[in-house]
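Student: Attaching a single structure in structure tokens format; questions to follow.
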Amino acid sequence: MPAMLKRIQHVIGRALAKTLSYLFILPVLYLIEPFWRIRLTHLWVARFGPLAYNTHVFVGTRILEGPEPRTTRLFFGARPANQPLFTMWKRILPIIENPILSAFYHYAGPTLSKTRFFRPLPNNYHDHRPLNVGPVLSFSKAEEERGQSLLRDMGLTPDDWFVVFQSRDASFHAQTGLGDSGTHRLCSIDGFMAAAGEITRRGGYAIRIGAGLNTPLPENGNSRIIDYATRFRRDWADIYLLGKCRFLLAPGTGTVFVPGLFGRPVAQSNMLPYIPNPMGRHSLYTTKLLKDARTGRILNFAELYEMGAFNFFHPHEAMLRFPRELDEYGLIAVDNDEEEILGLCLDMIAQLDGNPVNPEAARLQRLYKTQFLNQATDIDLIPDLAPSFALKYRYLIEA
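Each residue of the sequence shown is one higher than the one before, counting from 641 in the numbering used here.
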């Protein structure tokens, strides 16, 4: 549709929505208000991550604080990024899935947002409490049977365990046309292959996931490393694998918010910006490092803290959210290497096996939190820096 027609459609749609809101919808809502509150919320459905994360925050908050008193909240959404996940949310939330109503809600947003009836989903990246409530979703009997059939097709038995892993590249956003504001967070799948091999050496399966991928994994002769992303991928299967894996090994993508819905941890590599994603307190992470483009010197975490890289209470203004900020500061992002991602993977396996953390690593983990994540509430609910990463870069933590 030409740009001019889109603008005309937008103007007409907003005018109609405003008229209907003032003449019919708002009078009815105000009439009901003394007896019962109606609140309207549009789900964040266009992207996979917000569909999982923001909805989880709402559900987790309600579990912690109880139902909203004397209130019915109606949710709207259509054409979600992942229909199976959206369907699972519909089991526990009153969601109206209708493209026309969703479009009306979109156009009426500026009008409704000025009233008490419009309640957007929370977006509190500094509040880790709701994300430590879980699992909040579960699979039906039919979904279990379908998922087990998929695992059999990939060569797994019901007794096998597996880890899902992925990288972050530009292909998905290029195909969807949604745009990617996080190109500085890209990383290569090559860095994950040593970890994948170690998982199989320990008797597990390493299953590579990802949407919009056209390039298969290179042949490695290891039948327990499965390229699901190019051979088996389906929307429903993404959710099943993320909900049933031992853990997810991945960089910062929307995928990291899905395992927590089912009580599964995440081992996140290459984290940037430095504000940890709310993934549950049993998750671990490593960060990208930043070096001076002129001198090649790696900046320590105290320097980054002073520059605003750990700004919790204004995350949308935090340094390093967008690639241009690296250029403005004259910085270059350094990806985690294969050894660091392998260390992260081994750290997560050790944690799940119940092995104690090295005391010096535990001290450095605590120091990192208290020094650089001290703006957050409930600091103990934030995921920890991977022990191996903390030990390797203690000089950046203690500087």
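Using N, Cα and C, we set each Cβ at its ideal position, and we do this for glycine too.
With respect to the beta strand (DSSP E) encompassing Glu737, which residues constitute its N-terminal and C-terminal limits?
Tutor: Along the sequence shown, read from residue 1 onward, the residue named residue 737 stands at position 97. It spans 735 to 737 - the beta strand (DSSP E) in which Glu737 sits, taken as one unbroken run.
Student: Check each candidate in His696, Val668, Tyr945, Thr727 and name the one with the smallest Cα separation from Asn1014.
Tutor: Indexing the sequence shown from 1 puts residue 1014 at position 374. If we check each option's Cα against that of Asn1014, Tyr945 comes out closest.
Student: Should Ala782 be labelled buried (16 or more other beta-carbon atoms within 10 Å of its own) or exposed?
Tutor: Counted from its first residue, the sequence shown places residue 782 at position 142. Exposed, by the Cβ-count rule.
Student: Going by C-alpha to C-alpha distance, which of Ala834, Ile1019, Arg848 sits closest to Leu984?
Tutor: Mapped onto the sequence shown, residue 984 falls at position 344. It is Ala834.
Student: Could you say which of Ile732, Tyr670, Val804 lies nearest to Ile879 if we only look at CA atoms?
Tutor: Counting from one through the sequence shown, the residue named residue 879 turns up at place 239. With distances taken between Cα atoms, Ile879 lies closest to Val804.
Student: Identify whether Asn772 lies in helix, strand or coil by the three-state DSSP scheme.
Tutor: Here residue 772 refers to the residue found at position 132 when the sequence shown is read from its first residue. Looking at Asn772 - three-state DSSP - the assignment turns out to be helix.
Student: Given this structure, state the Cα-to-Cα distance separating Glu978 from Arg841, to the nearest angstrom.
Tutor: Start at 1 with the first residue of the sequence shown, and residue 978 comes out as number 338. Start at 1 with the first residue of the sequence shown, and residue 841 comes out as number 201. Taking the straight line from one Cα to the other gives about 16 Å.
Student: Do Gln806 and Ile740 have their CB atoms nearer than 8 Å?
Tutor: For the purposes of this step, residue 806 is taken as residue 166 along the sequence shown, with counting starting at 1. For the purposes of this step, residue 740 is taken as residue 100 along the sequence shown, with counting starting at 1. No, they are not a contact pair.
Student: Let's see if you can read the secondary structure: which residues bound the beta strand (DSSP E) around Met728?
Tutor: Here residue 728 corresponds to residue number 88 of the sequence shown, with the count starting at 1. Here Met728 belongs to no beta strand (DSSP E); instead the alpha helix (DSSP H) covers 723 to 730.
Student: According to DSSP, Gln908 sits in a beta bridge with which residue or residues?
Tutor: On the sequence shown, position 268 is the one that residue 908 refers to. Note: Gln908 sits in a beta bridge opposite Ala890, Tyr925.
Student: Indicate the three-state DSSP secondary structure (helix, strand or coil) for Tyr745 in the structure shown.
Tutor: Taking the sequence shown and counting its residues from 1, the one referred to as residue 745 is at position 105. If DSSP states are grouped into helix, strand and coil, Tyr745 belongs with the helices.
Student: Taking the continuous beta strand (DSSP E) assigned at Leu986, which residues delimit it?
Tutor: Against the sequence shown, residue 986 aligns to sequence position 346. No beta strand (DSSP E) contains Leu986, which is instead part of the alpha helix (DSSP H) from 978 to 992.
Student: Near Gly749, which residues of its chain fall below 6 Å by C-beta distance, leaving aside the five closest residues on each side in sequence?
Tutor: As a first step, residue 749 is located in the sequence shown; it is residue number 109 there, counting from the start. If we look at Gly749 and ignore the five residues flanking it on each side, it has no Cβ neighbours.
Student: To which residues of the same chain is Gly837 closer than 8 Å at the C-beta, ignoring the five residues directly before and after it?
Tutor: Counted from its first residue, the sequence shown places residue 837 at position 197. Excluding sequence neighbours, Gly837 sits near Ala846, Asn860, Asn862, Ile865.
Student: Residues in its own chain within less than 7 Å of Leu929 by CB, not counting five upstream and five downstream?
Tutor: Mapped onto the sequence shown, residue 929 falls at position 289. Within the same chain, Leu929 has close Cβ partners Ile938, Val974.
Student: Ser909: buried (16+ other C-beta within 10 angstroms of its C-beta) or exposed?
Tutor: Within the sequence shown, the letter at position 269 stands for residue 909. So Ser909 counts as buried.
Student: Out of Pro720, Phe698, His768, Phe802, which has the shortest C-alpha to C-alpha gap to Ile989?
Tutor: Stepping through the sequence shown from its first residue, residue 989 is reached at position 349. Of the listed residues, the one whose Cα sits closest to Ile989 is Phe802.
Student: For Ala949, decide whether its Cβ has a neighbour in chain E, counting only Cβ atoms nearer than 8 Å.
Tutor: The chain inventory of the structure shown lacks chain E, comprising one protein chain alone.
Student: Quick check: the stretch 911 to 927 against the stretch 1009 to 1025, are at least 3 beta-carbon pairs closer than 8 Å?
Tutor: Judged by Cβ distances under 8 Å, the stretch 1009 to 1025 makes contact with the stretch 911 to 927, as three or more pairs qualify.
Student: Please state the DSSP three-state secondary structure of Ala877.
Tutor: By one-based count along the sequence shown, residue 877 stands at place 237. Note: Ala877 maps to helix in three-state DSSP.
Student: Hey, how far is the Cα of Arg710 from the Cα of Arg677?
Tutor: Working through the sequence shown from its first residue, we reach residue 710 at position 70. Working through the sequence shown from its first residue, we reach residue 677 at position 37. Whole-angstrom Cα-Cα distance: 6 Å.
Student: Looking at Leu1031 and Glu1000, is the spacing between their C-beta atoms short of 8 Å?
Tutor: One-based indexing of the sequence shown puts residue 1000 at position 360. One-based indexing of the sequence shown puts residue 1031 at position 391. Cβ distance < 8 Å, so Glu1000 and Leu1031 count as in contact.
Student: To the nearest whole angstrom, what separates the beta carbons of Pro690 and Leu714, a pair I think is in contact under 8 Å?
Tutor: Within the sequence shown, numbered from 1, the residue matching residue 690 stands at position 50. Within the sequence shown, numbered from 1, the residue matching residue 714 stands at position 74. Between Leu714 and Pro690 the Cβ distance is about 19 Å, and since that is not below 8 Å, they are no contact.
Student: Who are the Cβ neighbours of Ala877 in its own chain at under 8 Å, not counting the five residues just before and after it?
Tutor: By one-based count along the sequence shown, residue 877 stands at place 237. Closer than 8 Å at Cβ, skipping near neighbours: Gly787, Leu790, Tyr868.
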